[in-house]
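What follows is one structure encoded as structure tokens, with my remarks underneath.
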């Protein structure tokens, strides 16, 4: 009753409000006192202004406290006004429904949805919901980041089909999802918006209509791209290690054979007179043997089992000797230009390793010019000042010989330039490059104390600059190092330890032909038996490194305990950590690389015997 403020209620309403057995005045003020304080002010305003003031209907949910026990309840009231003859409202008729359970269920659902949404938004997994036709309904920030979307709006305008490198791949996935109802741990390769591969593990739940047709799907993508890259690098490293071991083993055995072939050619040539027709034929065999020896050096450099022998070299001579090989390597459609500065100077390096640097850079340039171009290999003397060093740390001022390799190829992007020396990083197609060539170049340059820089511009070309410190020593060409047969004779007692019979007999024959008394042993244990406790008067031991039962390093350690320990020369087809650290011989360790010829062997033996 809007006039008196009194109300009448049914028993059910009294039960809802907990009024039974309670001292309660049934008027509007009493009813308002039951409303939850947080809803009370709004409800009074609503009744006064919206319902009575505008003559409208009552339709509102609100909270109350039961009078009987103070329990919080949710109710929903609906009502309408009745009017007198003058048109003014006189009464409100209505009903109140207890909606506590429904409200609690809705609140629980809202909390669940909010919790799910928070999980969805912050999940590190790329989550998405899409229709069967590929239209995106929703996705989380991880999904946006994984595929390179700028915003959720951009993503929702995109069909997920564009993320598959092949439409048939998506069709196969949908067919499998329809058959199984869900997909678990499906490893698949997708593409981001830039076209780069994205490897993911995919879990998908499907929603289907009554006829079993796929309506929509909810997917969870776990990014494994970095893992796949590391896995590929691991497999690549395993493959390279296996190939390296094979190459090193082949080179080792081949060097033993070449030692015998080239050694006997030397001995036969020494016995032939100048006018002997066999001398020319033996010379051809010797040239072929030298070419084979260069091949084994390349295998050893590839397998990283070659001893680094630093020497003062003329960089111009190295580049000049390589011109014919480089032209064959880069092909006829690439023009080779050499610009050699006569005043370049002498550098301390290993000739074989430096040749490998030039070859790797030439191969890299050739691959950057599939349609032909120009490759320039230049040398020049440069004075590096403080300003240049400030812009190119960690260089230091001084005189350098600059080796510069420039091509007119495709060039490199800024991103590629930043990673160009990383192992296994390559911009070439799968199977077209290992990503080790430039990393090897960097390692060799650093190992010999140099510095390397690269400049490149896409569509213009690339320039590699290698700065090698200039040394004052006089460069010596290898051909000039071959000693003559004179002054290489001796009468000392020597011991040759070698498990390969042909190599051992050849070395013994070479040494005995020049006056030495030579003992021989097939391995370290036999050598120790021959020498006994006194050393048997042996002045020098020429020992292979790798032998059955007892190798060269262990033999030398045992020999060092003798009162008059003999001097030692190691010989091997490849190096092992037992005699070299990181490919560089320790001071005082003497080494001769197989295959060797007679004069080189005799000169080495004489030099070690004559040392103070």
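In my numbering, the protein residues as written are 1 to 612. Think of the CB as a built atom: it goes at the ideal place given N, C-alpha and C, for glycine as much as any other residue. Everything numeric in this text was worked out from a predicted model, so none of it was measured.
- Cβ-Cβ distances below 6 Å link residue 104 to nothing in the same chain once the five nearest sequence neighbours on each side are left out.
- Looking from the CA of residue 124, the closest CA among 415, 141 and 117 belongs to 141.
- A direct Cα-to-Cα measurement between residue 273 and residue 488 gives close to 20 Å.
- Across the set 532, 357 and 452, the C-alpha of 532 shows the shortest separation from the C-alpha of residue 564.
- For residue 360, there is no enclosing beta strand (DSSP E); the enclosing alpha helix (DSSP H) covers residues 351-367.
- Excluding residues up to 5 positions away in sequence, 389 lie with their Cβ nearer than 7 Å to the Cβ of residue 396 in the same chain.
- Residue 318 sits close to residue 355, with the two beta carbons spaced by under 8 Å.
- Counting along the chain, residue 176 sits inside the alpha helix (DSSP H) bounded by residues 167-180.
- Collapsing the DSSP output to three states places residue 31 in a helix.
- Distance from the CA of residue 84 to the CA of residue 9, rounded to the nearest whole angstrom, comes to 22 Å.
- Residue environment analysis places residue 462 among the buried positions, since at least 16 neighbouring C-beta atoms fall within 10 angstroms of its C-beta.
- DSSP places residue 421 in no alpha helix (DSSP H); its state is neither H nor E.
- Between residue 93 and the set 548, 148, 421 and 81, the nearest pair of CA atoms involves 81.
- In this structure, the straight-line span from the alpha carbon of residue 220 to that of residue 203 is close to 5 Å.
- Closest in alpha carbon position to residue 600, among 266, 612 and 560, is 266.
- The alpha-carbon of residue 128 is positioned some 46 Å away from that of residue 44.
- In the structure shown, residue 539 adopts coil according to DSSP, grouped into three states.
- DSSP places residue 383 outside any alpha helix (DSSP H); the residue lies instead in the beta strand (DSSP E), whose first and last residues are 373-384.
- In chain order, 518 place their CB closer than 8 Å to the CB of residue 512, counting only its own chain and leaving out the 5 sequence neighbours on each side.
- For residue 116, the enclosing alpha helix (DSSP H) has its first and last residue at 100-122.
- In its chain, beyond the 5 residues on either side, 506, 510, 597 and 598 have a beta carbon closer than 7 Å to the beta carbon of residue 263.
- Residue 448 and residue 440 have their C-alpha atoms roughly 13 Å apart.
- For residue 160, there is no enclosing alpha helix (DSSP H), since its DSSP letter is neither H nor E.
- Distance between residue 172 and residue 231, taken at the CA atoms: about 26 Å.
- Under a 10 Å Cβ-count criterion, residue 72 is classified as exposed, with fewer than 16 other Cβ atoms of the shown protein chains found around its own Cβ.
- Per DSSP, residue 494 is not a residue of any alpha helix (DSSP H); the beta strand (DSSP E) it occupies stretches across 493-497.
- Distances from the CA of residue 351 to each of 14, 536, 329 and 322 were compared; the closest alpha carbon is that of 322.
- Using a C-beta cut-off of 8 Å, the stretch 328-335 makes contact with the stretch 361-369, since at least three inter-stretch Cβ pairs fall below that distance.
- Cβ neighbours of residue 90 within its own chain (closer than 7 Å, five residues either side excluded): 2, 3, 82, 83 and 84.
- Non-local beta-carbon contacts of residue 411 in its own chain, meaning distances under 8 Å to residues more than five positions away in sequence, involve 368, 456, 457, 458, 459, 460, 461 and 462 in chain order.
- A buried status is given to residue 566, since no fewer than 16 other beta-carbon atoms sit within 10 Å of its beta-carbon.
- Annotation: residue 312 to residue 450 spans about 14 Å, alpha carbon to alpha carbon.
- Residue 342 and residue 466 have their alpha carbons spaced roughly 17 Å apart.
- For the set 255, 349 and 561, the Cα lying nearest the Cα of residue 473 is the one of 349.
- Residue environment analysis places residue 523 among the buried positions, since at least 16 neighbouring C-beta atoms fall within 10 angstroms of its C-beta.
- In this structure residue 442 is buried. Its beta-carbon is surrounded by 16 or more other beta-carbon atoms within 10 angstroms.
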